[in-house]
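Asker: For the record, in the sequence shown the residue sitting at position 31 is 31 according to UniProt numbering, with numbers rising by one throughout.
All C-beta atoms, glycine included, are put in the ideal place defined by N, C-alpha and C.
Have a look at this one.
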Amino acid sequence: MFEVCAFCGHKHLTPKNVSYRHQQGEELLIIDDAPCLQCNFCGEQYFDAAVLKAIEAEHAAIISQQKTPTGFKPVAMESFTAIYRY
């Protein structure tokens, strides 16, 4: 995959399992334990194309109601302009 972080140039990337958020239109899917390489310095994450394709296919199946997700979580939402004054 990658040997050097494209974002910061650091040379140490570690395999991790992370929470990945995939949004398609207004639909949001959170995938727990998604495998990636993560930069030890800046935290940038790199996902294999096969992992992303699997996530996209899973989300499409859930949206089309061909599959039921394993769970639901309430998510709080806020507009940045509502919390920050220029």
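Distance, Cα to Cα, Q38 vs Y84?
Answerer: Within the sequence shown, residue 38 is the residue found at index 38, counting from 1. Within the sequence shown, residue 84 is the residue found at index 84, counting from 1. Going by the C-alpha atoms only, they are around 30 Å apart.
Asker: Rounded to the nearest angstrom, what separates S64 and Q23 at their Cα positions?
Answerer: The count along the sequence shown starts at 1 and reaches residue 64 at position 64. The count along the sequence shown starts at 1 and reaches residue 23 at position 23. C-alpha separation (whole angstroms): 14 Å.
Asker: For a quick check, are the C-beta atoms of K73 and I30 less than 8 Å apart?
Answerer: Here residue 73 refers to the residue found at position 73 of the sequence shown. Here residue 30 refers to the residue found at position 30 of the sequence shown. Contact: yes.
Asker: Closest to A6 by C-alpha separation, out of A54, S19, Q45 and G25, would be which residue?
Answerer: For the purposes of this step, residue 6 is taken as residue 6 along the sequence shown, with counting starting at 1. It is Q45 whose Cα lies nearest to the Cα of A6.
Asker: Once the 5 residues before and after N40 are set aside, which same chain residues still bring their CB inside 8 Å of it?
Answerer: As a working mapping, residue 40 is identified with position 40 in the sequence shown. Excluding sequence neighbours, N40 sits near H10, H12, L13 and T14.
Asker: Report all residues from its chain with a CB closer than 6 Å to the CB of F47; omit the five preceding and five following residues, and keep chain order.
Answerer: For this step, residue 47 is matched to residue 47 along the sequence shown. C36, listed in sequence order.
Asker: Enumerate in chain order the residues of its own chain whose CB-to-CB distance from K67 is below 8 Å, with the five nearest sequence positions on each side excluded.
Answerer: The count along the sequence shown starts at 1 and reaches residue 67 at position 67. Excluding residues within five positions, the ones whose Cβ falls inside 8 Å are E58 and A61.
Asker: So the candidates are V4, L52 and C8; which of them puts its Cα closest to the Cα of S19?
Answerer: Start at 1 with the first residue of the sequence shown, and residue 19 comes out as number 19. Here the closest residue by C-alpha is L52.
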